[in-house]
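Chains as they are written, first to last, in our numbering: chain A, 413 to 751; chain B, 413 to 751.
Step one of this worksheet: look at the structure below.
2 protein chains.
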Amino acid sequence: MATLKDVSELAGVSQATVSRVINGTNRVSHDKKLNVVKAINKLGYRPHSIVQAQSCSRSGSVGIIVPELGGPFYSTILDVVDKQFRQLGYHVVVSAGSNTEEGQKESVKFLLSRRVDALIVHAHQLSDDYLIELQDSGIPIVILNRFIPEMNTSCINIDNELGGKIATEYLLKMGHENIVCITGPLDKSDARARLQGYRNSLMAAGIAYDETLVAEGDFTEQGGARAMRKILKRNVQFTAVFASNDYIALGALEVLNEEGFSIPKQVSLVGFDDIHFARYMTPKLTSVNFPIEQMSLESVQLIIQKLSKNKSDVSFKLLPSLVIRQSVKDLHTTLNINN
Amino acid sequence: MATLKDVSELAGVSQATVSRVINGTNRVSHDKKLNVVKAINKLGYRPHSIVQAQSCSRSGSVGIIVPELGGPFYSTILDVVDKQFRQLGYHVVVSAGSNTEEGQKESVKFLLSRRVDALIVHAHQLSDDYLIELQDSGIPIVILNRFIPEMNTSCINIDNELGGKIATEYLLKMGHENIVCITGPLDKSDARARLQGYRNSLMAAGIAYDETLVAEGDFTEQGGARAMRKILKRNVQFTAVFASNDYIALGALEVLNEEGFSIPKQVSLVGFDDIHFARYMTPKLTSVNFPIEQMSLESVQLIIQKLSKNKSDVSFKLLPSLVIRQSVKDLHTTLNINN
DNA sequence: TTGTAGGCGTTATCAA
DNA sequence: TTGATAACGCCTACAA
Numbered sequence: 413m414a415t416l417k418d419v420s421e422l423a424g425v426s427q428a429t430v431s432r433v434i435n436g437t438n439r440v441s442h443d444k445k446l447n448v449v450k451a452i453n454k455l456g457y458r459p460h461s462i463v464q465a466q467s468c469s470r471s472g473s474v475g476i477i478v479p480e481l482g483g484p485f486y487s488t489i490l491d492v493v494d495k496q497f498r499q500l501g502y503h504v505v506v507s508a509g510s511n512t513e514e515g516q517k518e519s520v521k522f523l524l525s526r527r528v529d530a531l532i533v534h535a536h537q538l539s540d541d542y543l544i545e546l547q548d549s550g551i552p553i554v555i556l557n558r559f560i561p562e563m564n565t566s567c568i569n570i571d572n573e574l575g576g577k578i579a580t581e582y583l584l585k586m587g588h589e590n591i592v593c594i595t596g597p598l599d600k601s602d603a604r605a606r607l608q609g610y611r612n613s614l615m616a617a618g619i620a621y622d623e624t625l626v627a628e629g630d631f632t633e634q635g636g637a638r639a640m641r642k643i644l645k646r647n648v649q650f651t652a653v654f655a656s657n658d659y660i661a662l663g664a665l666e667v668l669n670e671e672g673f674s675i676p677k678q679v680s681l682v683g684f685d686d687i688h689f690a691r692y693m694t695p696k697l698t699s700v701n702f703p704i705e706q707m708s709l710e711s712v713q714l715i716i717q718k719l720s721k722n723k724s725d726v727s728f729k730l731l732p733s734l735v736i737r738q739s740v741k742d743l744h745t746t747l748n749i750n751n
Numbered sequence: 413m414a415t416l417k418d419v420s421e422l423a424g425v426s427q428a429t430v431s432r433v434i435n436g437t438n439r440v441s442h443d444k445k446l447n448v449v450k451a452i453n454k455l456g457y458r459p460h461s462i463v464q465a466q467s468c469s470r471s472g473s474v475g476i477i478v479p480e481l482g483g484p485f486y487s488t489i490l491d492v493v494d495k496q497f498r499q500l501g502y503h504v505v506v507s508a509g510s511n512t513e514e515g516q517k518e519s520v521k522f523l524l525s526r527r528v529d530a531l532i533v534h535a536h537q538l539s540d541d542y543l544i545e546l547q548d549s550g551i552p553i554v555i556l557n558r559f560i561p562e563m564n565t566s567c568i569n570i571d572n573e574l575g576g577k578i579a580t581e582y583l584l585k586m587g588h589e590n591i592v593c594i595t596g597p598l599d600k601s602d603a604r605a606r607l608q609g610y611r612n613s614l615m616a617a618g619i620a621y622d623e624t625l626v627a628e629g630d631f632t633e634q635g636g637a638r639a640m641r642k643i644l645k646r647n648v649q650f651t652a653v654f655a656s657n658d659y660i661a662l663g664a665l666e667v668l669n670e671e672g673f674s675i676p677k678q679v680s681l682v683g684f685d686d687i688h689f690a691r692y693m694t695p696k697l698t699s700v701n702f703p704i705e706q707m708s709l710e711s712v713q714l715i716i717q718k719l720s721k722n723k724s725d726v727s728f729k730l731l732p733s734l735v736i737r738q739s740v741k742d743l744h745t746t747l748n749i750n751n
């Protein structure tokens, strides 16, 4: 690889001059400039961006931590974030693949050691205190999909409680009263919030909260299936299931099908997150839309704001909405038709 | 951020000594070592990995170019590649999001300017010559899912023709003789190869190739749907569809459903790639498995081999296999049952 | 075992 | 407009 020095020698000028024509930081006489350009082309020279950054004491990169690369959720985030930052002249360093606290701390260290200019973090294993400390250490940071009171200007969330609420309200509106709820792991705040939305809606509708209709899953297909089986064993009456995410819905769907329940004929189903294949399931899954793109966009916005110390408008709490497809049956029309 | 210098001053030793205890490159007396470690902890110092690499005239990173981040295919590749390289002490710089030649050249430049130690490329817009030139310029490079004769030790492919063959053979074995084939865009070699596999199987079975049963799609759901409609308009007889990828299969499935064909009862369907949601479709899609993980693993292997100049065993042509699910009907049993 | 000094490739500062 | 030269933070001879 050709270096600045090579170019300067070939062009018969100083390195400084070459640097100037590259960055346009200063006027350079026309003929010298021409020589430099020629030399650059001849040598196929391109500046070493990392070292460039080093000289400016910024790296021109931002780090992002996600638990995994696969799956539609995180890849969407990365896609959007990467596109945005690229446009802004930054580049994104991804650290993925750890679901443990230790692993995620490793990720932080890794990115810090690469001197990223800012950090976007989607990690549930890191403690609040750790993240607060990180922010206090001076690096601009944005926390995705999680709320830490002490960092309220750094967290971007969706309103999970609202999501649970609109899902449940929709089922209620469709005439369902005995609604199963399969929750996510309840040590996670978003799982709790979604459950809370469910409870609130029931309460508002004057329906008592029935514990036997609720089971804890773990945001996976298997977990959803397990929880669904548990519910079925309880031998309770229900006409609808609110699954706290689409994977859970998927697991529940399979179990219900196995047990001979047809959806939505006998049991209605609502998911959460509206992941990519929700629309490809049979029946197409009605699901609470998680505004991933918007969240990603906002996070970039917020980082830029922090980097430039400008105030700008960012929504810290994004609003989910319901995507209605075919997995819920309207009990009212049904009663009329007497089917 | 604390620097080497800060640590050395606090510990009362030279920077060289600090460097030594960090890298363990040399024996350091116990007490000085202790001081250094203390200083490092007190300052929360972590080495600047980029500069570290710079001093060693390698970056410790490898670049990977993919057309997009979203979707199950590329995210799987990235996931595997990233995990592997991380274990090996490398880190991966991703450049994504361009389907144009210009954009992908940009990506190459970008990664080169970051002085990645090697390159993994999944890009169909880049010309053979360009890639050959790139390799000749000295950077270790691996080409994914594409074959360039001049770079036969740098390309990792699956045997697309074999894939087309096993899909078609399976349908033949199940008694289907009038098999529609929806191809990918025929300017792409993998699409052509899959079609060729289809043709070869038919020929081997003594069935004439019928152009009216073939339509070109573009590897998307919409393209698949469009091609399927085209076929239906031709009013030809068929009992099965071989879709050149799962998105095409998806599009075809929807059109067939719309038109009242039930699958697999009236029409059987085989996809290609076995992407994540194939198993969640209804009916669960029988599909040719694309060994993405294996391909990713091999690419890492190959890069490492090139980097260390060791010879190692890499498969340059991976073998697909058929994942049989529920979207194909056995016409033999059917005839007996007379259903 | 330890420190000094030079180098990695660039930008920024200061004279000329 | 130009060119030396210092600086960025680290590693690695070389010398002590």
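Just so it is clear, CB atoms sit at the ideal spot from N, CA and C, and this is done for glycine as well.
Note that the coordinates shown come from a computational prediction; the quantities given were computed from them, not determined experimentally.
Test: residue i CB closer than 8 Å to a CB of chain B
| i | result |
| --- | --- |
| residue 509/A | yes |
| residue 502/A | no |
| residue 481/A | yes |
| residue 491/A | yes |
| residue 585/A | no |
| residue 749/A | With a pLDDT of 45 at residue 749/A, under the threshold of 50, the predicted position of this residue should be treated as unreliable, and no value is reported. |
| residue 494/A | yes |
| residue 738/A | no |
Partner residues on chain A for residue i, Cβ-Cβ distance less than 7 Å
| i | result |
| --- | --- |
| residue 459/B | 525 |
| residue 735/B | Those do not exist, as residue 735/B stays about 17 Å from chain A at its closest Cβ, beyond 7 Å. |
Closer than 8 Å to chain A by CB, residue i
| i | result |
| --- | --- |
| residue 528/B | no |
| residue 487/B | yes |
| residue 417/B | no |
Cross-chain neighbours of residue i in chain A, by beta carbon under 9 Å
| i | result |
| --- | --- |
| residue 462/B | 462, 463, 465, 466, 471, 525, 526, 527 |
Beta-bridge partners of residue i, as assigned by DSSP
| i | result |
| --- | --- |
| residue 503/B | 473/B |
| residue 567/B | 555/B |
| residue 366/A | The question about residue 366/A has no answer, for chain A in this structure spans 413 to 751. |
| residue 694/B | In DSSP, residue 694/B forms no bridge with anything. |
Local conformation of residue i per DSSP, three classes
| i | result |
| --- | --- |
| residue 456/B | coil |
| residue 416/A | helix |
| residue 667/B | helix |
| residue 635/B | helix |
| residue 620/B | coil |
| residue 628/A | strand |
| residue 443/B | helix |
| residue 728/B | coil |
| residue 530/B | strand |
| residue 535/B | coil |
| residue 733/B | strand |
| residue 675/B | coil |
| residue 428/B | helix |
| residue 560/B | coil |
| residue 650/A | coil |
Per-residue contacts from residue i into chain A (C-beta, under 8 Å)
| i | result |
| --- | --- |
| residue 521/B | 458 |
Partners in chain B for residue i, counting only beta-carbon separations shorter than 8 Å
| i | result |
| --- | --- |
| residue 505/A | 503, 505 |
Cβ-heavy atom distance, residue i to the ligand ZN, below 7 Å
| i | result |
| --- | --- |
| residue 713/B | The ligand content of the structure shown is nil, which means the ligand ZN is not present either. |
* To do: Give, in chain order, every residue of the stretch 688–711 of chain A whose Cβ lies closer than 9 Å to some Cβ of chain B.
  => 688, 689, 692, 693, 694, 695
* Check distances from the C-beta atoms of the stretch 649–682 of chain B to those of chain A and list, in chain order, the residues that come in under 7 Å. => 662
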